[in-house]
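Here's the structure we're looking at; comments come further down.
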Amino acid sequence: MVQDLSTLTASIDGETERFEPGDTLLNFIDRHLGRGHVPTLCDAPQIKPFGACRVCSVEIAMSEDGPRRVVASCHTPIAAGMHIFTESPKIRRLRRNIVELVLTDHPLDCLTCEVSGNCELQTVAAKVGMSKVRYPAGANHLDRKKDLSHPYMTSDLSKCINCSRCVRACDEVQGQFVLSMHGRGFDARIIKTMDDSFADSTCVSCGACSQACPTSAISDVFKSKSIEATKKTRTICTYCGVGCNLSVATKGNEVMSIQAPLDAEVNHAHTCLKGRYAFKFYNHKDRLTKPLIRTNGHFEEATWEEAYDHISRT
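This is the structure we're talking about:
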């Protein structure tokens, strides 16, 4: 039976819009109101919906004045005729309280944090209108030690919000299953392999976890989520023939870091160790910058046109 696509409509804050088969509420809202209109913490485009943080909660009803219920928009399927309320007073209070609870167990060193200005927790806190934390100081995880054992990867789990984005990126994007959530409740924490250090774990240094992490709980030695760079250039990785898209962050003539763009059809926010981290040779003094042609047993510099002509002749 062919589905009548003209009936696939729902209402967002009073405006009726068409949705696509298989949409979740968040897909629908993002398409019509833009990514970020509904804040998220545990959701990311490169991984499957998870529903852990509930910051993306909205109210839904099957009629405009009908009874409403609160759901997480990231994994709730949309239905024809549904009414979605993204900014009701109840939802605003709920989101603010969730973020407030997260901040009670999070270092407030934003000015000196690597990801200041590019931190999703910071952005969401501003989005929901956080101005203070009402709860008194209690037990927390701020004494967790940094893991700087790895040549590329770093972790500071005092800044972890247990969203599991790193775990899911390691599983779903890289397929390596290095990271996992260990323990329950207050004792829940991210571990590497059998609770090893990054250096002793089975990590392959792909950086998928670092790019997926919404804070700086997991990062890399190049501080790839900082905003220090002044320019970003979209390019193609030259290490192999896959053609992964890369976003190269530079400052002056220095490559600061490399990330994989979310909208890249070939590699969709992922690349390997070489594509992401093997770039220190770019400005090396011994790197060749011009073609060389062997003449009488010696290499001589040539133009690209001369090199192409030489290749075509030989």
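Numbering of the sequence shown is given in the working numbering, commencing with residue 1380 and proceeding in unit increments. Don't be surprised by glycine CBs; every beta carbon is placed ideally from N, CA and C.
Would DSSP call residue i helix, strand or coil?
i: E1551; result: helix
i: I1569; result: strand
i: C1613; result: Residue identity check: residue 1613 is Arg in the sequence provided, not Cys. Reduced to three states, the DSSP call for R1613 is strand.
i: H1411; result: helix
i: M1380; result: Since pLDDT at M1380 reaches only 42, below the 50 mark, its modelled position is unreliable, and the value read off the structure follows with that caveat. Three-state DSSP puts M1380 in coil, outside helix and strand.
i: H1689; result: helix
Write down the C-beta distance between residue i and residue j rounded to the nearest angstrom, noting that I regard them as a contact closer than 8 Å.
i: L1387; j: I1540; result: Not a contact, Cβ separation roughly 35 Å.
i: L1412; j: I1391; result: 6 Å
i: C1498; j: T1594; result: 6 Å
Could you compute how far the alpha carbon of residue i sits from the alpha carbon of residue j?
i: D1688; j: I1672; result: 11 Å
i: D1409; j: C1435; result: 11 Å
i: A1423; j: R1544; result: 8 Å
i: H1677; j: C1619; result: 29 Å
i: D1402; j: E1685; result: 55 Å
i: G1430; j: A1548; result: 15 Å
i: P1515; j: G1445; result: 38 Å
i: C1432; j: V1417; result: 13 Å
i: A1567; j: V1546; result: 13 Å
i: S1559; j: K1571; result: 7 Å
i: L1480; j: A1504; result: 11 Å
i: S1668; j: R1471; result: At residue 1668 the sequence reads Thr, which differs from the Ser that was named. Those two C-alpha atoms are separated by around 56 Å.
i: T1533; j: K1604; result: 12 Å
Candidates the options: which alpha carbon is nearest residue i's?
i: H1485; options: D1599, K1538, R1447, S1495; result: K1538
i: V1583; options: Q1555, K1610, H1561; result: Q1555
i: F1398; options: V1557, F1464, I1457, D1522; result: I1457
i: A1657; options: Q1590, S1636, K1630, S1534; result: S1636
i: K1602; options: N1406, Q1638, S1528, Q1501; result: Q1638
i: L1521; options: K1511, T1533, T1483; result: T1483
i: L1527; options: R1613, V1450, E1466, I1597; result: I1597
Using a 10 Å radius around the Cβ and a threshold of 16 neighbouring Cβ atoms, would you call residue i buried or exposed?
i: V1621; result: exposed
i: K1675; result: According to the sequence shown, residue 1675 is Asn rather than Lys. Classification for N1675: exposed.
i: T1455; result: buried
i: H1649; result: buried
i: F1464; result: buried
i: V1381; result: Confidence is the limiting factor: at V1381 the pLDDT is only 43, short of 50, which leaves the residue's position unreliable, though a coordinate-based value still follows. With fewer than 16 Cβ atoms within 10 Å of its Cβ, V1381 is classed as exposed.
i: E1493; result: buried
i: A1518; result: exposed
Say whether chain C places a C-beta atom closer than 8 Å to the C-beta of residue i.
i: R1655; result: Protein chain content of the structure displayed is limited to a single chain, and chain C is not contained in it.
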